[in-house]
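Using my numbering, the first residue of the first sequence is number 314, and each one after it goes up by one.
Ideal placement from N, C-alpha and C gives every residue a C-beta, glycine not left out.
This report refers to the structure that appears directly beneath it.
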Amino acid sequence: MPELPEVEVVKRSLIKNVQNLIIKDVKINDVKLRYHINKKEITKIIGLRLKKIKRKSKFLLFFFNKNIVMLIHLGMTGKLYFVNKKDKKYRTSFYYDIDQKKENKHDRVIFYLEKNQKLIYNDVRKFGFIKFYNFNSIHNSLHLKSLGPEPLEKNFTFKYLKKYLNGKKRSIKDILMDQKFVSGLGNIYVNEILFSSKIKPDRKADKIKVFEMKKIIYFTKKILNYSIKTGGSSIKDFTSINGKKGSFQQHFQVYGKKDDICSNINCNKKILKMSISGRATFYCLKCQK
DNA sequence: CGGGACTCCTGAGGGC
DNA sequence: TGCCCTCAGGAGTCCC
Numbered sequence: 314m315p316e317l318p319e320v321e322v323v324k325r326s327l328i329k330n331v332q333n334l335i336i337k338d339v340k341i342n343d344v345k346l347r348y349h350i351n352k353k354e355i356t357k358i359i360g361l362r363l364k365k366i367k368r369k370s371k372f373l374l375f376f377f378n379k380n381i382v383m384l385i386h387l388g389m390t391g392k393l394y395f396v397n398k399k400d401k402k403y404r405t406s407f408y409y410d411i412d413q414k415k416e417n418k419h420d421r422v423i424f425y426l427e428k429n430q431k432l433i434y435n436d437v438r439k440f441g442f443i444k445f446y447n448f449n450s451i452h453n454s455l456h457l458k459s460l461g462p463e464p465l466e467k468n469f470t471f472k473y474l475k476k477y478l479n480g481k482k483r484s485i486k487d488i489l490m491d492q493k494f495v496s497g498l499g500n501i502y503v504n505e506i507l508f509s510s511k512i513k514p515d516r517k518a519d520k521i522k523v524f525e526m527k528k529i530i531y532f533t534k535k536i537l538n539y540s541i542k543t544g545g546s547s548i549k550d551f552t553s554i555n556g557k558k559g560s561f562q563q564h565f566q567v568y569g570k571k572d573d574i575c576s577n578i579n580c581n582k583k584i585l586k587m588s589i590s591g592r593a594t595f596y597c598l599k600c601q602k
């Protein structure tokens, strides 16, 4: 589910609500995530202060004292919820009923914080994970070491794109989804970026023209920034940590729009769907060349 | 190098 | 009500 904008929204909310708090206890309801949770390592954070929270592409990094870093990836359905007893809005949350002390069956890990507050890792499909590193090894970890530049960073440029696409026979969509090339994009945003750039998603990368590359860079940054601004996309059940939904899904032009009429003025064609690298791909045959 | 099938897991929604 | 099928924001492996 969560791509860069969603993870960024969650990170900002985490900084506001849980940064600087002490972990009082940890409860594991299910160790079997994408990787099994190491109980020995996770219990080491009990008593430690959560000093800093950062995001790297789709990963969240939690920095504790004693040089311990917790790495969380949300996979397809991972979510973090913050529960604060004093705040009434959580009582009415669709998700968590504090008065009944009812846990959701997909709450996999519960971090108990100061003042009766909790941070809950909930994940229906269990494709996400929680791993531990130390401060010095985190950036050389299996997950972070080969990530490409982030799409909103200055080094994600037309020049970089041009150099990378040269000689590549893969489809442009496949390349934009590849975290080693650019880290943080996923299926939704790549569909949207290619629609705005008027490029058919199955075009071979080395056939993309210079003016089209410039559009890719421009729309990638524009779409991601706008999505972050509107709280990310809430398809099905994405929410930020306080249960708030984003609204960027209202601005989707192609994702999930099979058989709808193309949103471009002067185009009356239906949005089509195909599969690229096994992922749902939506496009307008008339508008995307 | 490239593409496709398949894997992890659980639930929603459609068809009958 | 129920059963069976397909599909889903990710990402890795294996095989041809």
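The shortest C-alpha to C-alpha distance from L327 to any of K364, T356, R516, K353 is the one to K364. Taking K392 as the centre and dropping the five residues before and after it, the same chain places the C-beta of N435 closer than 6 Å to its C-beta, in chain order.
Distance from the Cα of K329 is smallest, within the candidate group V422, L432, F372, for L432. Taking a contact as a CB-CB distance under 8 Å, the pair P315 and K371 counts as one, their CB atoms being some 6 Å apart.
Secondary structure of V503 (DSSP, three-state): helix.
One alpha carbon belongs to N468, the other to D338, and they sit about 40 Å apart. Runs of beta strand (DSSP E) with 3 or more residues, each lying fully within the stretch 333-409, are found at 336-341, 363-369, 372-377, 381-386, 391-396, listed in chain order. Three or more beta-carbon pairs separated by less than 8 Å link the stretch 473-487 to the stretch 520-527, which places the two stretches in contact. Its chain contains M526, K527, I530 as the residues whose beta carbon lies nearer than 6 Å to that of F471, once the 5 sequence neighbours on both sides are disregarded; these appear in chain order.
Note on D487: 16 or more other CB atoms within 10 angstroms of its CB, so buried under the neighbour-count rule.
Excluding the 5 residues flanking it on each side, K444 has same chain C-beta neighbours closer than 7 Å at Y348, L384, in chain order. The beta-carbon separation of L361 and I336, rounded to 6 Å, stays under the 8 Å limit for a contact. The alpha carbon of L598 has as its nearest neighbour, out of K439, S590, D573, K357, the alpha carbon of D573.
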